[in-house]
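*Asks:* For the sequence shown, the numbering used here begins at 20 and goes up steadily by one. Note that beta-carbon positions come from the ideal geometry of N, C-alpha and C, so glycine has one too. This structure is in structure tokens; I'll ask about it shortly.
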Amino acid sequence: MVNENGKPKGMKQVLIERGLWRNGLNADCQLCKDKVDDVTRIDCCARRIISLQPDFMEQKSALEEAILEAGHKCIFYPKFHCELNFIERYWGQQKDMLVRIVIIHGQACNVLFLQL
Ligand SMILES: [Zn+2]
């Protein structure tokens with residue numbers, strides 16, 4: 020997606036080359052800026068049209084590509100669902116273990132537990 024100078028072509032040029040550009044098409048629209056989700060809206064603006072192209076949809080982020088190239092798995096958590104984050108399970112298990120220690124060993128560990 021770069022021109023002969025090695026610079027990015029831009030949305031308009033890519034859409035022209037694919038035969039998807041039409042006169043009067045805006046770069047983006049207010050619905051897309053506001054992230055209004057509507058699967059029936061497929062050609063409201065250039066940004067929406069190009070974002071629905073299969074090769075653009077399959078493109079991974081630079082971060083994800085770097086992680087995969089290093090031989091690791093890349094798993095993104097759903098946004099705004101901290102309960103699904105693995106670290107929450109880890110901390111929950113640690114708290115549970117401390118409570119069990121207090122129950123088994125009694126009051127002396129309870130003081131230690133309250134300091135944590
Ligand atoms: Zn739009």
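(1) Give me, in chain order, the residues of the same chain whose beta-carbon lies closer than 7 Å to that of Pro-27; leave out the 5 immediate sequence neighbours on both sides.
(2) Quick one: complete alpha helix (DSSP H) runs, 4+ long, within the stretch 51 to 98?
(3) When you compare only the Cα positions, how much space is there between Gln-32 and Asp-57?
(4) Could you tell me the alpha carbon to alpha carbon distance between Glu-77 and Arg-37, rounded to whole angstroms?
(5) Going by other Cβ atoms of all chains shown within 10 Å of its Cβ, with 16 needed for buried, is Ala-81 buried or exposed?
(6) What does Val-121 pair with, by DSSP beta-bridge criteria?
(7) Relative to the C-alpha of Asp-47, which residue among Ser-70, Arg-66, Met-30 and Trp-40 is closest?
*Replies:* Let's see:
(1) To locate residue 27, count along the sequence shown from 1; it is residue 8. Closer than 7 Å at Cβ, skipping near neighbours: Met-20 and Val-21.
(2) 65 to 70, 73 to 77 and 81 to 88
(3) For the purposes of this step, residue 32 is taken as residue 13 along the sequence shown, with counting starting at 1. For the purposes of this step, residue 57 is taken as residue 38 along the sequence shown, with counting starting at 1. Going from the Cα of Gln-32 to the Cα of Asp-57 covers about 26 Å.
(4) Walking along the sequence shown from the start, residue 77 turns up at place 58. Walking along the sequence shown from the start, residue 37 turns up at place 18. One C-alpha to the other measures close to 17 Å.
(5) Position 62 of the sequence shown holds residue 81. Exposed: under 16 other Cβ atoms inside 10 Å.
(6) Numbered from its first residue, the sequence shown carries residue 121 at position 102. DSSP, once it has assigned bridges, lists no residue as partnering Val-121.
(7) Position 28 of the sequence shown, counting from 1, holds the residue named residue 47. Nearest C-alpha to Asp-47: Arg-66.
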